[in-house]
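Worksheet: the structure to be examined is printed underneath.
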């Protein structure tokens, strides 16, 4: 298995995530798409670490950090979703229309 | 690193990811997200990143995916389960994604035929050394990020009068 | 601090003091403002006593009252001011017009404090433009005039004041930002890099023709809007009409001169090749300004708008004089700046006088006023005659010199432009006929004649108009050496014209 | 751990932030009730202390780099740290006089988040390692998401926050993806390897660089990554809007300068044209859309987008003059934008943020109206104010670097911008007031207004000390791989 | 006694008087200040009388020139000075004399006018300007005074500005002469470009140096342009249209300005720059033909009006044509001689007409008749003037007209023929006027009974003028005194070229005079206008053409209408095109922005939706989406940028 396959999977995952982020009407759906994008990046890092720079672990370390970052973001994001859901009773992105122009 | 391990994992990952972004039922999406993340974890394993595999399972699959599931259940309304979940701009999104992939293809093409030259080794120990040595400052920094996130969760989670909401 | 700095900064000081006076004491504000304006004029006159116009045989521009202090040494920017025969008369004019327009503006009753604050700020800007010898300083003052003017039009103006104000602002800013680019281009192409205008005047030899043309165009955009040269004149009628009387005076009397001054000081002196390249177009534009401005004025029924368009016409004479690129033409152009300032300033004041009383400026609304307000009619007619270039009054000398200078270089355009005189005469006479002559409309029977404040504002201008017309030496001697020197510059480029 | 001492301001600030958080805890709230009012002041003090430490670190003479080359404490970093901390102080100050319709009641958390954000930014401006930069960036993002949605009872606030959050997370994802490619090219996340890698692995580094631009462009609100700006700005509590419009933007720009002006200069990847394009797009779009806004916060939001475009000129030219101009403009921008928002807070406290709230402000309070005019004119770049000096410098850089198109577009934009800045002025000066009372001005508001106004005027009239400071600050540390 | 240096100050006397009278004292019919003006004029007259006498007797060292520097531009010093030569001396005398007499006369005529004082201020101002015009030494100053007399004419024509007639007439007069002045103006430009000086003496030297220094083309151009100015001022074809209207002014003003002095300024201009004209034969021909045409048309048009002042106005036009003709024919002497005598008798005619109008309170000759009995002084003096103008032997007009006709004959018999015929017409219309006004029977008994002889303050000037009109010719022609004072040696011709004319010229003129006078007296005999009406009925076309002043007025009015239309066009162009370019381009910019936004929405976003066929189901969502903050659209744009970056990558 060459690096290309991993990169291909990662790229596809990124694109799928991107698609999800762009099209989901539900905030949580959007978040999930973004999580997929994060995973694509992590996969890239691990693959590069394995194939191109096997002498260190920097790639995996970055991936670890990114997992933590993702966790932090998702926490804030979900808290926001809940807060909004409480006040607006919706999680549909297009209904957030107080601000525009 | 056998193709027999790689292809099923890649298939599971990508197919469930597709499901995540296309299914109508958000609940199903959330479940498939867990599956997809698990697939990625498997791929880590196939790359010899054992610690990453564990972290992925613990934090992502066990933490994030679950959290998302909770929130979906908390915020979901029964009548919405069958609503169209895809935004009307999906065709544009497809085009954009296609173009992005076209660009990424250039990188993928570059990597064709690049094979691993070394054997895999356990990574936990070097990771620990790396994180607490060279990367100590970022490591500490991530705690600050998490603290901030916690504060955010508290601020948003508390009801306006400062008490925990009943709902 | 030198006297020139004192002249420039005194109004600023006045503005600062005014800002500290409580809002409910308009009398105090007015007193401070008038005191500042009077002092400023006195200072300028004092400077006149020691002003050295230079001699005809000089081989470089000689500036009086030069002050050069380091300001932003990192960028080689200096506080550098000075006055020569080109700028000093304009400084005097500014001080004078500011005073008379300020005196006239004592009739402003709403938001007096703000008015005079902006007004004095404006004067500082105007004075600074003419005195600055460093491009950074020049541009600073140049833009400094915009903001107060914007407020003066916008707050105390006529019915369409907001639109007029923003149109004025955007239009002139549009031009001046290109000027900024031109300044920067000059900076980077001079060796050593400098913003010093005097050094740049000597540096033109180092600029290629193409570069000069390009930079000339950038400057021209900024200057033409101010002049205003066709087709960048359309802000002018609106702004002049909507501005309160005193401000119209400064607008027409001084602000327009900034453009003409810049054409001579910058475009001609620093970018002769660009100037030469543009000269044929400049002549055509001058011609258009003259005839087109006059014709547009002829169709106006609003007196103020008519006067505004006549400004376009008069600045056309000024540009024609410049296009002559000779001592005579330049004399005419510079003198035209002064005389136009005096005459049109007086005209705006006078239109304001009648508007204050009758609350209309429609020419058709009046008739036979000559018998009720004889003093007003007399002064107005005199000023109109001055504006249409009657010999013996100031306007004639400058117009005549402009034409005289331009004729050898541009025969046909000059001859065609002469027709502008006739059109000018036509609309002024028609206005006099409709407003002052003929049977008196009974509704104007009780119209009071000019009061002391108005006379105080107008008479100095009228007196100077007559004085310069009879004895042009008053103004010409100040500027002659400088202008003659300028007119002799660049014989290889413009020799064929002279 | 070489050079950890150089991080003392950040460490100090983090410690203070964590301490401040305690002030909000339920357990401590009752015994410390009296201290509740003191918490914001403590935050200000902490920021001031950190600033003092930064100033101290500025005097560390020779080897100014952090552990393993993760961060550098060079003059530019110090300059931006001071700017960021200054912004924090101003914002915390303004918050004291800010009266919300939906008060949040978490003073400790609020201050702590601002400080955490500041820590992130301080690390970001000095970072020479992408991992550190990513984490610092994330710290800034997370805390600003929370701050933007801090008035969670106000639906606008949380709506702005969620939009901000979604786009922020999205751009983080993109940026992370870019970092993964950079890692692929170099095997490290240190920027020191960038130049060499750019030659050997050009496509990878280029892709990475482009994806970073997405992420940093989001923070610096460059078009087309700016869409969150108006919504988040309008929804956020106004002091936070002030904060968001200044600090994270400047920090992101500083990092952009470090990467693309220093580590990966234009000569290597040839991105100068791209930055020029981004600059033109940003200022044009920001200005044109700002013309249609009727809400002052939104208007200033779009204005801040446009301002980022001007600042970007300094990066596009890629030379020392541009960098100095960028620094100078950042300083000016801090002063004038903070001033404008301070007036917006003063007016908004009672009358809201619609343009009509400004009707006749000149009659109600001439001083306030004049100050607002001063700030707006400075933003528009009218001399003799700070904004003009900054723009002068930047335009000079553009002209000097031969970026003619950029220069022309920039000057035209500054003309366009006058139109909408003057719209506020029109309301202040040309309209009749709805009510005669002057807006109430608190002590802190007054002092920050005075500070900003003095700065704007001083920088405009006598810029020499600032120019000199900027000249000496525009020095970046070169780090050998 | 050498009075020449005093000439410098001559114009300043009335000027000072004018300023004083205007600014000091209280306005009112009883004001005594105007006496100041009279005094000033009297002083001037004394001085100019002495000069004239000395000039005629050859005691003066002419030409006399002196100047100081007025102002300088470039390297050129504009002199402020006087140049006194023969024509100037003559003109000086004429101007100060007529001016003084009119001043005196006006005391009677304007008595009771509420703006009495202002009238005299204007009058003195005019005298100052006119004196200045006569004496100045350089052409720019000449132009200055030239315009100033124009302005005073404007002010005085419009003196009774409450009436619409004068208000219109003054503007018309000013603008028409201004039209001619443009020519003068351009002429000055050409002159300066060609010679570099305005000074008359230096110019004369330059011209005398030959064609290499002053090319004949320049001379011709300058001369023609100057003549355009002169045509305006001196009411030559086609610019004479203002003069009949100028009669709206007070009658003394008509006498002074529009008969004796100002209108002669054009002639004087040609006389002053005669050396230039002499260098340009083409210009001379033009002057001659324009002069004769003016004379003919003026005389013809004088045949029809009933307004006594109009008749005189047309007569003036015609006589000015004679003067121009003389100049064009090459005789400076004849032109100036006719100018001088004409000033006397035409001023007399106007002042007499003023007395009549004063007495009858009407201008219309149809309500007059038989006034000789009521106003004997006026009648006698008017009769003298009529005889003088019609060329009754040994009166002044006879001498000057003979001189003109002789000079013309030497030039071209055709010109002479026309001029001779015109002289006949002159006799006819003058006797028609005399007959209608003073002779015959009264046609309006009421007015006749109330007509009173004017007071002495008005009749004394009449008598003085009558004396001059009768005798001046004899005196001036005696021994060729005037010719010696005023002469110009044309190349090939000479001062005495007229002597070559055949002897029958004089009798021919005399014969015509007798015939025309008889015809007029016979045709208008009796107390009714029957013959006149019949004649008008016989020739309606001719009469209409003459009454419409040969349609010149209509032509110029059409021009004015044209320029008005042009002005309207310009103003609209300015509003709707030039301004719109800037305002609309601003608007266009914003519109383009909005359109681009919409383009993305419609084409990119909505287009995608339409493609799915789910438009109907999502209608509600779509409607709402239009209103939303569109966070995902934001992200879409960002992703688009990412995509563009990706493509950017592919290009590397």
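Residue numbers (our numbering), protein chains in the order written: chain A, 1 to 101; chain B, 102 to 268; chain C, 269 to 766; chain D, 767 to 1247; chain E, 1248 to 1899.
The C-beta atom is built at its ideal place from N, Cα and C for all residues, glycine as well.
Residue i and residue j closer than 8 Å at C-beta
i                      : j                      : result
residue 1684 (chain E) : residue 1615 (chain E) : yes
residue 669 (chain C)  : residue 584 (chain C)  : no
residue 117 (chain B)  : residue 29 (chain A)   : no
residue 370 (chain C)  : residue 303 (chain C)  : no
residue 1813 (chain E) : residue 1709 (chain E) : no
residue 1023 (chain D) : residue 1089 (chain D) : yes
residue 774 (chain C)  : residue 560 (chain C)  : Residue 774 (chain C) lies beyond the stretch modelled for chain C, which goes from 269 to 766, so this question has no answer here.
residue 874 (chain D)  : residue 789 (chain D)  : yes
residue 1367 (chain E) : residue 1281 (chain E) : yes
Counterpart residues of residue i in DSSP-defined beta bridges
i                      : result
residue 336 (chain C)  : C:348
residue 1325 (chain E) : E:1318
residue 1330 (chain E) : E:1312
residue 1383 (chain E) : E:1329
residue 1611 (chain E) : E:1554
residue 402 (chain C)  : C:464
residue 956 (chain D)  : D:895
residue 1120 (chain D) : D:1061
residue 837 (chain D)  : D:893
residue 570 (chain C)  : C:630
Residue from the options whose Cα sits closest to the Cα of residue i
i                      : options                        : result
residue 191 (chain B)  : E:1889, E:1896, E:1883         : E:1883
residue 531 (chain C)  : C:732, C:518, C:547            : C:547
residue 170 (chain B)  : A:49, A:31, A:4, A:8           : A:31
residue 1337 (chain E) : E:1589, E:1387, E:1551, E:1895 : E:1589
residue 1094 (chain D) : D:1135, D:1232, D:969          : D:1232
| task | Could you tell me whether the stretch 1383-1401 of chain E touches the stretch 653-664 of chain C, using the rule of 3 or more Cβ pairs below 8 Å? | result | yes
| task | Identify every run of the alpha helix (DSSP H) within the stretch 463-530 of chain C, keeping only runs that are complete inside it and at least 4 residues long; order them along the chain. | result | 465-470, 477-494, 503-510, 513-518, 524-530
| request: Would you list, in sequence order, the uninterrupted beta strand (DSSP E) runs of no fewer than 3 residues that lie entirely inside the stretch 1037-1095 of chain D? | output: none
| said: I want to know whether the stretch 1483-1492 of chain E touches the stretch 1301-1308 of chain E - three or more CB-CB distances under 8 Å. | reply: no
| Completely contained alpha helix (DSSP H) runs for the stretch 627-712 of chain C, where each covers 4 or more residues | 642-655, 662-677, 679-704
| Would the stretch 672-691 of chain C and the stretch 1417-1436 of chain E be scored as touching if the rule is three or more Cβ pairs under 8 Å? | yes
| said: Could you tell me which whole alpha helix (DSSP H) segments of length 4 or greater appear in the stretch 1131-1214 of chain D? | reply: 1132-1146, 1152-1166, 1170-1191
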